[in-house]
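Heads up, the thing below is written out as structure tokens.
2 protein chains.
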Amino acid sequence: MDEKQQLNLFAAEPAGPPAVRAVPVPVPAAPAPAAAGGNGGNGNGRRKVPAHLTAEDMGAQQREISVTEFFTKNRHLLGFDNPSKALLTTVKEAVDNSLDAAEEAGILPDIRVDIKPLAEQAERLGTNGKAADNGDPNAPQRFVVTVTDNGPGVIRTQVPKVFGKLLYGSKFHRLRQSRGQQGIGISAAGMYGQLTTGYATEIISRPGKGKPAHRFEIFINTQKNSPDILSDDVVEWPNESGVAIKITLEARYQRGGHSVEEYLRNCAVANPHARFVYSSPEGEETVFERATEDLPVQPREIKPHPYGVELGMLIKMLKSTQCTKLRAFLASDFSRVSPALASEICDQAGISQNAWVSRISREEADKLYQAIPKVKLRRPPTDCLAPIGEAAIEAGLRKEFPADFFAAVTREPSVYRGNPFLVEAGIAYGGTLAGDEPVRVIRFANRVPLLYQQSACAVTKAVVQAPWRNYGVQQSKESLPVGPLVVFVHFASVWVPFTSESKEAVAHYPEILKELRLALQECGRKLGIHISRRRREADAEKKKSYIEMYLPHVSIALREILGLSEPQEKQTFEKLVRILERSRKP
Amino acid sequence: MDEKQQLNLFAAEPAGPPAVRAVPVPVPAAPAPAAAGGNGGNGNGRRKVPAHLTAEDMGAQQREISVTEFFTKNRHLLGFDNPSKALLTTVKEAVDNSLDAAEEAGILPDIRVDIKPLAEQAERLGTNGKAADNGDPNAPQRFVVTVTDNGPGVIRTQVPKVFGKLLYGSKFHRLRQSRGQQGIGISAAGMYGQLTTGYATEIISRPGKGKPAHRFEIFINTQKNSPDILSDDVVEWPNESGVAIKITLEARYQRGGHSVEEYLRNCAVANPHARFVYSSPEGEETVFERATEDLPVQPREIKPHPYGVELGMLIKMLKSTQCTKLRAFLASDFSRVSPALASEICDQAGISQNAWVSRISREEADKLYQAIPKVKLRRPPTDCLAPIGEAAIEAGLRKEFPADFFAAVTREPSVYRGNPFLVEAGIAYGGTLAGDEPVRVIRFANRVPLLYQQSACAVTKAVVQAPWRNYGVQQSKESLPVGPLVVFVHFASVWVPFTSESKEAVAHYPEILKELRLALQECGRKLGIHISRRRREADAEKKKSYIEMYLPHVSIALREILGLSEPQEKQTFEKLVRILERSRKP
Chain S
13 MDEKQQLNLF
23 AAEPAGPPAV
33 RAVPVPVPAA
43 PAPAAAGGNG
53 GNGNGRRKVP
63 AHLTAEDMGA
73 QQREISVTEF
83 FTKNRHLLGF
93 DNPSKALLTT
103 VKEAVDNSLD
113 AAEEAGILPD
123 IRVDIKPLAE
133 QAERLGTNGK
143 AADNGDPNAP
153 QRFVVTVTDN
163 GPGVIRTQVP
173 KVFGKLLYGS
183 KFHRLRQSRG
193 QQGIGISAAG
203 MYGQLTTGYA
213 TEIISRPGKG
223 KPAHRFEIFI
233 NTQKNSPDIL
243 SDDVVEWPNE
253 SGVAIKITLE
263 ARYQRGGHSV
273 EEYLRNCAVA
283 NPHARFVYSS
293 PEGEETVFER
303 ATEDLPVQPR
313 EIKPHPYGVE
323 LGMLIKMLKS
333 TQCTKLRAFL
343 ASDFSRVSPA
353 LASEICDQAG
363 ISQNAWVSRI
373 SREEADKLYQ
383 AIPKVKLRRP
393 PTDCLAPIGE
403 AAIEAGLRKE
413 FPADFFAAVT
423 REPSVYRGNP
433 FLVEAGIAYG
443 GTLAGDEPVR
453 VIRFANRVPL
463 LYQQSACAVT
473 KAVVQAPWRN
483 YGVQQSKESL
493 PVGPLVVFVH
503 FASVWVPFTS
513 ESKEAVAHYP
523 EILKELRLAL
533 QECGRKLGIH
543 ISRRRREADA
553 EKKKSYIEMY
563 LPHVSIALRE
573 ILGLSEPQEK
583 QTFEKLVRIL
593 ERSRKP
Chain D
13 MDEKQQLNLF
23 AAEPAGPPAV
33 RAVPVPVPAA
43 PAPAAAGGNG
53 GNGNGRRKVP
63 AHLTAEDMGA
73 QQREISVTEF
83 FTKNRHLLGF
93 DNPSKALLTT
103 VKEAVDNSLD
113 AAEEAGILPD
123 IRVDIKPLAE
133 QAERLGTNGK
143 AADNGDPNAP
153 QRFVVTVTDN
163 GPGVIRTQVP
173 KVFGKLLYGS
183 KFHRLRQSRG
193 QQGIGISAAG
203 MYGQLTTGYA
213 TEIISRPGKG
223 KPAHRFEIFI
233 NTQKNSPDIL
243 SDDVVEWPNE
253 SGVAIKITLE
263 ARYQRGGHSV
273 EEYLRNCAVA
283 NPHARFVYSS
293 PEGEETVFER
303 ATEDLPVQPR
313 EIKPHPYGVE
323 LGMLIKMLKS
333 TQCTKLRAFL
343 ASDFSRVSPA
353 LASEICDQAG
363 ISQNAWVSRI
373 SREEADKLYQ
383 AIPKVKLRRP
393 PTDCLAPIGE
403 AAIEAGLRKE
413 FPADFFAAVT
423 REPSVYRGNP
433 FLVEAGIAYG
443 GTLAGDEPVR
453 VIRFANRVPL
463 LYQQSACAVT
473 KAVVQAPWRN
483 YGVQQSKESL
493 PVGPLVVFVH
503 FASVWVPFTS
513 ESKEAVAHYP
523 EILKELRLAL
533 QECGRKLGIH
543 ISRRRREADA
553 EKKKSYIEMY
563 LPHVSIALRE
573 ILGLSEPQEK
583 QTFEKLVRIL
593 ERSRKP
């Protein structure tokens with residue numbers, strides 16, 4: 013083989029292997045590209061591509077891809093991988109938005125979820141277009157999902173964008189606990205409906221009492237990632253304020269573990285201040301009443317903490333700050349940096365405190381970045397988090413599970429990669445819960461139930477690792493414990509580190525695993541005390557019933573053997589009871 | 013609790029539960045929102061959010077999120093979850109692009125990958141900004157990755173967008189096998205470098221012999237998802253044509269399973285027409301020579317097949333077609349639809365063949381969609397695929413693995429969800445491969461090695477399910493076989509169904525699993541014949557060596573016992589050899 017080599021082209025880089033002289037690589041004679049046929053670059057799949065392309069040919073084919081086209085092709089990234097998950101994801105995105113909005117507006121959420129088969133379904137003869145599926149009873153059907161809330165509504169000018177444009181929203185840029193993070197979910201659900209059934213998303217919104225209610229029909233223009241508004245009318249609407257959204261989609265309806273009902277039940281546990289009404293495709297109506305009239309405390313937005321900021325982010329912040337001098341920038345744009353600490357960072361970096369922010373070079377920014385970890389800073393503030401609280405968790409569990417012991421723990425906030433987070437755990441035990449199955453783990457992130465990918469989640473790992481046998485619950489090694497037990501875990505953070513975009517499992521950061529473990533152990537110890545007390549009580553109960561059963565016979569026997577009178581017998585009997593009762597109580 | 017209920021608002025929907033009269037839900041008196049402080053909506057984290065918001069307050073906060081900001085926060089979706097993976101992903105994205113471009117231009121690829129520690133590294137005192145990591149020897153370092161190719165180059169006007177804008181490219185919209193799919197990878201790698209080190213991406217491009225070479229320095233503007241060009245100069249460059257890209261990033265360098273070297277070795281196996289030179293951070297240089305001078309046949313772009321088109325896509329195609337009549341549209345915009353079949357689809361749907369495309373309603377489109385599966389169509393054409401070929405796979409394996417038996421199989425193309433695909437398998441066995449470990453499975457999708465998430469991949473599942481014991485290879489139930497064996501699998505398709513955006517594992521479609529199994533079984537049978545023949549040969553060899561060892565002694569003994577002369581002894585000896593040799597060969 014030949015020895016031709018290419019140069020390392022950016023020879024400015026130091027060291028490296030000895031530079032090799034470049035000898036051009038021989039290129040097999042490429043046939044001249046055929047004249048590119050006709051309507052160049054409209055990419056409709058109709059143009060013949062010449063056998064070999066030049067850089068110019070390729071340049072003519074390069075074009076922008078809209079984020080909507082991207083997520084249409086990659087819908088599994090958003091939780092639309094299959095028809096049953098699509099149904100749940102659609103409900104979830106709408107409910108998350110309703111809860112977030114109502115809470116921000118200080119309204120106790122009241123949310124109704126309706127799922128109905130599409131009427132025309134009955135006339136439907138074909139299948140979903142997959143040739144192989146002809147006549148498959150499990151083939152997806154078309155459903156109409158309607159979610160109605162009593163929140164603050166969305167103002168008319170924003171409705172089309174909020175519901176008809178991906179990556180649009182208010183939650184992405186702020187450091188503050190909320191259910192939604194990205195500004196994708198609900199628009200993606202509408203897009204999925206449009207793709208699978210061709211129906212537009214319908215929205216009614218009334219942004220407050222006395223204001224008109226608007227009804228929109230919206231398509232998402234997937235080429236432009238923008239809403240196409242089909243209709244926009246003022247309508248009669250009985251609700252004082254709020255949003256109703258209706259999406260028609262191809263889906264599969266199921267009961268049990270990954271069902272909408274299960275999702276709403278878990279939602280009700282983690283959001284005891286919210287009321288949910290669910291009307292299933294079969295027409296059954298389930299009401300999840302609220303367990304408390306207290307709204308959770310609203311979390312506050314915080315500034316980024318220096319320990320969690322990467323160099324590129326620091327450079328970006330330097331460019332966009334409104335401060336002019338370095339020290340002021342550090343003290344005003346970050347959490348936990350006082351003017352004195354800002355001076356310390358500047359000194360460590362060897363840069364003047366009065367340096368103009370606009371003149372900081374990459375190298376100086378890098379020095380600042382290196383200096384930050386050397387200055388001791390307090391942990392980030394934690395009022396950006398909104399824990400559910402021990403009482404509310406217990407109330408939520410008590411409402412939804414027929415157990416006889418409940419306990420809950422809210423841990424102090426902690427930090428991973430500069431992001432504040434907090435863990436809460438709860439337990440429901442005994443009662444009529446099934447005792448011979450692995451415990452049920454219900455997981456929540458920022459109050460949203462996580463239904464998929466249980467085994468990939470840090471929460472499950474922590475449950476498996478907790479020492480349940482110490483608390484009187486059966487457990488084989490490396491498995492979930494077995495018993496009449498429901499384990500509730502809530503992870504709250506300004507940024508939940510999901511393992512994938514469909515938000516199904518929390519990543520295994522060591523700091524997070526540690527807090528999860530501690531929370532579970534606290535609950536576990538309470539459970540252990542309860543179980544051992546109950547065992548003692550059961551023993552005592554047994555002794556007592558023996559006493560009650562046998563003592564009358566003993567005293568009759570005593571009377572007959574010793575010839576006691578009735579009062580004597582009664583006295584002896586009472587004495588015996590006293591003595592035995594005393595011995596029964598340790 | 014009260015009985016208040018909300019209406020199902022889109023009462024137009026048929027059936028459903030009995031409509032309940034709406035009683036407005038009582039809303040706790042929300043305190044009037046505090047005057048939103050100052051610079052409304054610039055979202056810099058500096059504005060105090062009032063305790064309770066109205067729809068107007070929220071509207072003021074809603075804004076567009078750039079796709080770059082989205083992927084910066086969600087970089088794990090693109091394979092940048094940790095520093096060692098970031099290094100590999102960066103090399104992979106650059107190499108994928110180089111291979112795709114060279115092949116399209118009909119050039120035998122010659123690619124050089126250089127990884128060097130950043131010079132300033134030596135002076136670096138701090139860590140990566142995680143306070144807890146101080147002094148961690150495993151803390152990531154800064155590296156300079158340079159990838160240089162001899163491809164067709166990129167024309168000057170396109171360079172900034174191709175390398176400095178996410179979701180920009182030529183491959184997303186066409187149905188044709190290629191390594192890249194999304195137009196994200198290389199820009200994301202540059203963005204990661206910029207974020208972690210603050211350095212710009214550098215690119216040199218010469219779009220053909222005799223043309224000037226341009227050198228760019230580019231930052232990605234994450235707010236706008238557009239390139240900021242720092243410099244654009246004509247430079248001296250020894251190469252005739254091609255691209256060199258340099259990215260400086262924070263990363264962790266490792267050897268072994270998930271290393272860059274392993275990746276390039278696998279690349280060389282699946283791309284035997286390409287030559288790779290790798291210069292490691294330690295300065296070692298490895299050359300992977302090409303095993304063939306034949307370029308793979310270029311795959312052709314195809315039109316979508318009707319069986320794989322969803323209703324929403326059909327409606328979109330109806331809107332954007334250049335045909336005016338329905339029958340012409342069906343016959344010209346799809347694969348495998350002749351005018352006669354187009355008529356059949358129209359008849360099935362009960363729509364006139366001459367209906368104006370622009371007037372097709374949603375309902376009519378739906379009827380078309382339902383009619384399609386009822387018309388029998390041929391499978392999609394398969395010249396959109398570019399198999400590696402049995403000879404090239406064998407040559408690639410022979411070059412990289414010290415085995416003594418090689419076999420390869422290229423299956424006929426098949427179809428999943430309307431997408432053509434094809435499976436190839438190869439085997440290297442024996443020689444000096446380690447015999448007491450699980451076999452090594454090397455997986456490829458569209459000629460790109462897959463290094464992560466082996467256990468989640470359909471390929472691994474198929475290898476585990478193949479009946480290796482039938483072929484003479486050890487295997488426990490539900491595990492990889494054990495032996496001196498390398499299993500190569502290539503999955504090629506116009507659209508590879510990856511389980512996640514970081515392109516690490518192929519999804520478990522039944523059609524795909526079946527083809528994988530059949531390909532492995534074909535290879536396995538060849539291996540089985542080889543192993544049993546070799547066993548027979550080994551037995552024969554053993555017998556022969558016994559004959560050679562013992563027969564002289566036997567004949568000496570015979571001479572002494574029977575008093576034979578030397579010629580008699582020789583004769584007897586030769587006869588014995590003949591008889592025994594005959595018995596040795598069955």
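First to last, the protein sequences are chains S and D. Numbers 13 to 598, taken from this note's numbering, label the letters of the first sequence in order. Numbers 13 to 598, taken from this note's numbering, label the letters of the second sequence in order. The beta-carbon is built from N, C-alpha and C at its ideal position, and this holds for glycine as well.
Residues near residue i by beta carbon distance below 7 Å, same chain, minus five either side
i	result
R481 of chain D	Q487
W249 of chain S	I216, R218, A225
M329 of chain S	D345
K587 of chain S	none
A474 of chain D	L525, L528, R529, L532
T209 of chain D	R154, T260, L261, E262
G320 of chain D	R429, G430, N431
Residue i - containing beta strand (DSSP E), residue span
i	result
S426 of chain S	426-428
N233 of chain D	225-233
S291 of chain S	287-291
L242 of chain S	238-247
A200 of chain D	Not the beta strand (DSSP E): A200 of chain D falls in the alpha helix (DSSP H), residues 197-209.
F300 of chain D	297-300
Cross-strand partners of residue i (DSSP beta bridge)
i	result
I384 of chain S	Beta-bridge pairing links I384 of chain S to no other residue.
E214 of chain D	D:E229, D:K258
W368 of chain D	D:K337
I123 of chain D	D:F288
L187 of chain D	D:I314
P129 of chain D	D:F155
S505 of chain S	S:F433
CA nearest to the CA of residue i, picked from the options
i	options	result
P392 of chain S	S:G192, S:H317, S:G254	S:H317
A446 of chain D	D:L497, D:G202, D:A478	D:L497
V166 of chain S	D:I573, D:G71, D:D240, D:P164	D:G71
P239 of chain D	D:T169, D:Y290, D:V289, D:P461	D:T169
K223 of chain S	D:Q194, D:C279, D:A67, D:F175	D:A67
I327 of chain D	D:A361, D:Y290, D:E375, D:V349	D:E375
K386 of chain D	D:L409, D:A398, D:S355	D:S355
R371 of chain D	D:A398, D:K85, D:K331, D:R191	D:K331
A361 of chain S	S:P351, S:A383, S:L342	S:A383
V125 of chain D	D:N94, D:T102, D:V246, D:F585	D:T102
Own chain residues within Cβ distance below 8 Å of residue i, not counting five before or after
i	result
Q533 of chain S	A478, P479
L389 of chain D	H317, P318, Y319, R348, V349, L353
Close Cβ partners of residue i (< 6 Å) along its chain, the five nearest in sequence each way excluded
i	result
R590 of chain S	none
F228 of chain D	V171, I215, D244
E406 of chain D	F418, A420
G52 of chain S	With a pLDDT of 34 at G52 of chain S, under the threshold of 50, the predicted position of this residue should be treated as unreliable, though the coordinate-derived value follows. Hits under 6 Å: A72.
Residue i, enclosing alpha helix (DSSP H) - first and last residue
i	result
V451 of chain D	No alpha helix (DSSP H) holds V451 of chain D; DSSP gives it neither H nor E.
V107 of chain D	95-116
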